[in-house]
Amino acid sequence: MNNKTALAKTKMLKPQTKKSFTTYIMVTVVFVIMMILSSTGNVSSQIDGLLVPLCVYSILAVSLNLTVGILGELSLGQAGFMCVGAYASALFSIATKETILVEWVRFPLAILVGGIFAAIFGILIGIPVLRLNGDYLAIVTLAFGEIIKNVFAALYVGIDSKGLHIALNQADMNLEADGTEIIRGALGVKGVPNDSSFVVGFILLLITLIISYNYINSRTGRAVKAIRDNSIATESVGLNITKYKLITFALTAFLAGIAGALYSHNYSTLQASKFDYNLSILILVFVVLGGIGNIRGSVIAAIILTLIPELLRSINSYRMLIYSIVLIVMMILTSNEKARTFIVTNFGKLKGMVLKIFKRKDTAEKEVK
Amino acid sequence: MKNFKRVLAMATAATMAVTAFAGCSSNNATSGEVGGSTSVAEGEKTIVIGGSGPLTGDAAQYGVGVKNAIQLAVDEVNAAGGVNGNKLKLVFEDDEADSGDKAVNAYNTLKDQGMQILLGTVTTGSCLAVVDKSKQDNIFQFTPSASAQDVIANDNCFQICFTDPNQGKASADYIADNKVATKIGVIYDSSDAYSSGIYNAFKTEAAAKGLELVSEQSFTKDSKTDFSAQIADCKNKGAELVFLPIYYQQASLILTQSKNAGFAPKFFGCDGLDGLTSIKNFDTSLAEGVMLLTPFAADSKDQATQDFVKAYKAAYNDETPNQFAADAYDGVKILAKLIESQNITGDMSASDICEKLKTGITAADFSYDGLTGTGMKWNANGEVSKSPKAVVIKDGNYAALDN
Numbered sequence: 012m013n014n015k016t017a018l019a020k021t022k023m024l025k026p027q028t029k030k031s032f033t034t035y036i037m038v039t040v041v042f043v044i045m046m047i048l049s050s051t052g053n054v055s056s057q058i059d060g061l062l063v064p065l066c067v068y069s070i071l072a073v074s075l076n077l078t079v080g081i082l083g084e085l086s087l088g089q090a091g092f093m094c095v096g097a098y099a100s101a102l103f104s105i106a107t108k109e110t111i112l113v114e115w116v117r118f119p120l121a122i123l124v125g126g127i128f129a130a131i132f133g134i135l136i137g138i139p140v141l142r143l144n145g146d147y148l149a150i151v152t153l154a155f156g157e158i159i160k161n162v163f164a165a166l167y168v169g170i171d172s173k174g175l176h177i178a179l180n181q182a183d184m185n186l187e188a189d190g191t192e193i194i195r196g197a198l199g200v201k202g203v204p205n206d207s208s209f210v211v212g213f214i215l216l217l218i219t220l221i222i223s224y225n226y227i228n229s230r231t232g233r234a235v236k237a238i239r240d241n242s243i244a245t246e247s248v249g250l251n252i253t254k255y256k257l258i259t260f261a262l263t264a265f266l267a268g269i270a271g272a273l274y275s276h277n278y279s280t281l282q283a284s285k286f287d288y289n290l291s292i293l294i295l296v297f298v299v300l301g302g303i304g305n306i307r308g309s310v311i312a313a314i315i316l317t318l319i320p321e322l323l324r325s326i327n328s329y330r331m332l333i334y335s336i337v338l339i340v341m342m343i344l345t346s347n348e349k350a351r352t353f354i355v356t357n358f359g360k361l362k363g364m365v366l367k368i369f370k371r372k373d374t375a376e377k378e379v380k
Numbered sequence: 119m120k121n122f123k124r125v126l127a128m129a130t131a132a133t134m135a136v137t138a139f140a141g142c143s144s145n146n147a148t149s150g151e152v153g154g155s156t157s158v159a160e161g162e163k164t165i166v167i168g169g170s171g172p173l174t175g176d177a178a179q180y181g182v183g184v185k186n187a188i189q190l191a192v193d194e195v196n197a198a199g200g201v202n203g204n205k206l207k208l209v210f211e212d213d214e215a216d217s218g219d220k221a222v223n224a225y226n227t228l229k230d231q232g233m234q235i236l237l238g239t240v241t242t243g244s245c246l247a248v249v250d251k252s253k254q255d256n257i258f259q260f261t262p263s264a265s266a267q268d269v270i271a272n273d274n275c276f277q278i279c280f281t282d283p284n285q286g287k288a289s290a291d292y293i294a295d296n297k298v299a300t301k302i303g304v305i306y307d308s309s310d311a312y313s314s315g316i317y318n319a320f321k322t323e324a325a326a327k328g329l330e331l332v333s334e335q336s337f338t339k340d341s342k343t344d345f346s347a348q349i350a351d352c353k354n355k356g357a358e359l360v361f362l363p364i365y366y367q368q369a370s371l372i373l374t375q376s377k378n379a380g381f382a383p384k385f386f387g388c389d390g391l392d393g394l395t396s397i398k399n400f401d402t403s404l405a406e407g408v409m410l411l412t413p414f415a416a417d418s419k420d421q422a423t424q425d426f427v428k429a430y431k432a433a434y435n436d437e438t439p440n441q442f443a444a445d446a447y448d449g450v451k452i453l454a455k456l457i458e459s460q461n462i463t464g465d466m467s468a469s470d471i472c473e474k475l476k477t478g479i480t481a482a483d484f485s486y487d488g489l490t491g492t493g494m495k496w497n498a499n500g501e502v503s504k505s506p507k508a509v510v511i512k513d514g515n516y517a518a519l520d521n
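Sequences listed follow chains Z and U, in order.
My numbering numbers the first residue of the first sequence as 12 and each following residue consecutively.
My numbering numbers the first residue of the second sequence as 119 and each following residue consecutively.
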């Protein structure tokens with residue numbers, strides 16, 4: 012009786028709930044498998060070192076998908092927000108290293124600081140730009156990413172008994188003898204505590220996914236999708252377009268800041284040159300290839316496209332070539348109508364054959380027993 | 119829509135399968151070495167030297183040069199029967215000159231391949247990302263060309279090239295002591311650790327030596343093609359000498375654009391300018407009279423350099439090695455010498471090797487005469503003591519300047 016009601020309940024689940032829970036379960040299963048493998052010592056240090064970056068890139072792709080897929084605006088400054096989050100959280104962690112000794116108190120705070128600072132920048136940019144229609148967000152975020160990167164690459168911040176010193180030149184900082192330099196221009200930040208781990212990364216990714224799915228299916232999310240599909244109609248029913256755009260964009264920036272915090276605490280050094288235009292584009296590629304508006308696709312694309320160049324290291328100079336071929340093939344397969352039907356018919360047959368073989372095996376095994 | 123998703127799933131599955139196969143092949147190649155730092159070939163002991171540098175991307179020529187030079191040196195050592203009966207083996211990974219995760223990925227891959235000594239990384243940014251990892255694992259790190267002071271902050275990391283502050287200081291000292299000029303303009307790359315490191319040291323030393331910095335102009339990685347604003351400022355402020363602590367590609371543009379602007383000061387650079395005379399489509403007559411500090415000149419007359427250049431050219435399509443390659447070549451030879459004197463064998467753990475190498479390299483009686491300097495010695499900080507040589511470009515070749 013109990014079983015039957017449970018079954019009925021699962022059947023009654025809304026499609027979006029089913030979709031989101033499938034994603035959570037997929038991510039959790041991968042996490043559990045990796046944890047088991049790594050605790051039994053079956054993971055090479057290469058893969059082990061990739062686990063946190065995979066979480067970082069997945070979070071970045073999912074969060075960008077909110078702006079690109081749900082809101083329908085193009086943002087080319089994801090690396091900029093990540094950079095703000097990375098630097099803000101790293102500064103926070105270094106400044107409080109001596110006062111907050113407990114890692115699991117300090118690190119969540121640092122992550123929040125990173126996210127909030129990135130969100131503040133998101134709102135500052137969004138207020139003027141999101142009032143406009145057209146490609147202006149792309150232009151402004153592109154510029155923002157470059158500006159942030161160059162500002163941090165030229166920034167010198169030090170602390171001594173007199174307080175905080177900020178300068179654009181090492182000599183201009185005039186630090187006292189007891190002072191320490193925190194940000195040193197192009198050399199970046201040194202001595203960020205190594206608080207990130209795969210567990211933290213997994214939790215953050217799960218939180219990001221939960222936030223994203225619930226946001227998309229919330230009242231606000233529906234309004235945002237309405238703006239994407241027809242902004243004039245949305246405005247005519249009395250919705251404040253700028254407000255909804257701003258909320259989405261700030262959320263994207265916040266999550267990117269969180270990813271930045273996770274990233275900066277995974278490595279002991281942090282340099283601004285990492286957060287360049289290429290990184291923003293890379294994240295956009297994850298989103299586009301994973302499917303615009305498809306949250307699960309973003310995670311899968313981020314994982315695959317980060318893993319490919321690493322796993323192909325054995326073929327040396329050809330790996331970049333293969334990587335680009337994979338990109339092109341994926342693009343063709345997901346967009347070309349003919350290619351799609353070709354695969355569906357052929358792989359459909361293949362799938363049937365595979366299933367048949369498995370069925371035969373099953374029955375054969377049963378017969379033996 | 120449903121079909122679309124199905125296809126996407128298929129496509130991703132297919133790519134996953136491809137990557138899985140690639141993963142397998144790489145595992146096969148290194149099976150037996152994964153998870154441990156000892157890699158003993160049957161019957162013969164092997165010491166695995168890991169190298170990391172950019173083989174793709176903007177800085178690829180540095181990484182390729184270093185890789186080639188290390189391979190050359192390793193082959194030479196092995197051809198001579200190895201060290202103490204141990205053969206050397208090179209594993210080299212591409213870090214794309216990245217300053218974050220990719221550099222660490224390359225390092226982790228090297229570890230999987232059984233690396234016992236790290237001869238890298240080539241670029242400063244990647245090196246900074248890796249130094250704390252190598253400290254954690256206690257792997258001896260010997261960088262041919264990452265010149266920032268921070269690189270050697272840990273006790274397991276040593277440099278073959280001289281540090282940026284040293285170069286900046288030496289440049290200012292040279293200019294002041296030889297009264298080359300008093301009014302100086304600087305054009306540097308503020309987004310680059312190497313360039314801004316030299317600039318900061320130069321500025322401090324120049325102030326101490328009474329040099330007047332009339333114009334301090336910066337550019338970034340994204341604006342490295344048009345220098346007219348920087349050149350105009352140097353010209354207007356009356357700079358007699360322009361100090362260029364940058365790489366040669368940008369320097370060649372600055373030289374060309376200065377000529378077009380009718381500005382002909384003296385130019386002075388550091389080891390990054392090495393390679394200036396071999397740029398394609400660059401009027402090398404513009405480089406005449408450019409002064410630079412460099413540890414290595416490919417057309418130097420001494421026997422060791424000539425042998426090295428000849429062997430390198432023979433092995434690699436007649437390419438001329440740059441100073442990065444020379445530093446890396448020296449690195450292998452220094453390691454070989456240390457392995458011999460410290461009785462290091464291939465079956466030792468990376469950590470034990472690291473401790474032995476550390477004692478060996480800082481020993482008072484250890485010094486090495488190589489391509490990039492004579493009587494090279496190291497202190498416990500990891501700094502090499504060799505003095506940069508000042509040369510001037512004359513008739514397309516380097517000629518020594520009196521010091």
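The C-beta atom is built at its ideal place from N, Cα and C for all residues, glycine as well.
Classification of E348/Z by the beta-carbon crowding that lies within 10 angstroms, buried from 16 upward: exposed
Residue-chain proximity (T490/U, chain Z), Cβ-Cβ < 8 Å: no
Minimum C-alpha distance to V73/Z - residue among K25/Z, K367/Z, G268/Z, T231/Z: G268/Z
Own chain residues within Cβ distance below 6 Å of R324/Z, not counting five before or after: none
Chain U contact residues for P64/Z, given Cβ-Cβ distances below 7 Å: D219
Terminal residues of the alpha helix (DSSP H) in which I131/Z lies: 114-140
Candidates Q231/U, V222/U, Y180/U, A221/U, of which the one nearest I165/U by Cα: Q231/U
Chain U contact for N161/Z (CB, 8 Å cutoff): yes
8 Å contact criterion, which P172/U and G449/U should meet: CB distance rounded: Contact doesn't hold; Cβ gap of about 17 Å is too wide.
Chain Z within 8 Å of G461/U, Cβ atoms only: First, the residue type needs correcting, since residue 461/U is Asn and not Gly in the sequence shown. Taking Cβ atoms only, chain Z never reaches closer than 8 Å to N461/U, which makes this a no.
Counted within 10 angstroms of its Cβ, other Cβ atoms place A198/U as buried (16 or more) or exposed: exposed
Residue range of the unbroken beta strand (DSSP E) whose run includes L359/U: 359-362
Amino acids of chain Z, ordered along the chain, whose beta-carbon sits closer than 7 Å to that of E358/U: In chain order: nothing, as chain Z lies at least about 22 Å away.
Identity of the residues DSSP links to L208/U by a beta bridge: I167/U
Buried or exposed by the 16-neighbour rule on C-beta atoms within 10 Å, applied to S247/Z: exposed
The region 188-202 of chain Z in contact with the region 215-228 of chain Z per 3-pair CB rule at 8 Å: no
Residues of the region 233-261 of chain U whose Cβ lies closer than 7 Å to any Cβ of chain Z, in chain order: G243, L246, A247, D250
Secondary structure, alpha helix (DSSP H): runs of 4+ residues fully inside the region 277-305 of chain U: 282-295
Assigned exposure category for I471/U - 16 Cβ within 10 Å defines buried: buried
Test: Y334/Z CB closer than 8 Å to a CB of chain U: no
Beta-carbon gap between I159/Z and G271/Z smaller than 8 Å: no
Short CB-CB distance (under 8 Å) between T280/Z and chain U: yes
F32/Z, enclosing alpha helix (DSSP H) - first and last residue: 26-50
Sub-8 Å separation of I252/Z and T231/Z beta-carbons: no
Residue range of the unbroken alpha helix (DSSP H) whose run includes E473/U: 468-480
Contacts of Q57/Z in chain U (Cβ-Cβ under 7 Å): N223, N226, T227, D230
Sufficient close CB pairs (3 or more, under 8 Å) joining the region 404-419 of chain U to the region 508-521 of chain U: yes
Contacting positions in the region 167-186 of chain U - beta carbon closer than 8 Å to chain Z: L173, T174
Three-state secondary structure assigned by DSSP to G315/U: helix
Close beta carbons around M184/Z, own chain, < 6 Å, minus the five adjacent residues each side: Y167, G169, H176, A178
DSSP three-state assignment for L562/U, whether helix, strand or coil: This structure does not reach residue 562/U, given that chain U is present from 119 up to 521, and the question cannot be answered.
Assigned secondary structure, C388/U (DSSP; H/G/I helix, E/B strand, else coil): coil
Proximal chain Z residues relative to K321/U, where beta-carbon distance stays under 9 Å: N180, Q181, A182
With 16 other Cβ atoms within 10 Å as the buried cut-off, status of T219/Z: buried
Close beta carbons around S155/U, own chain, < 7 Å, minus the five adjacent residues each side: Model confidence at S155/U stands at a pLDDT of 37, short of 50, so the residue's coordinates are unreliable and nothing is read from them.
Host alpha helix (DSSP H) of K3/Z (start-end): Here chain Z has residues from 12 to 380 only, and residue 3/Z is not among them.
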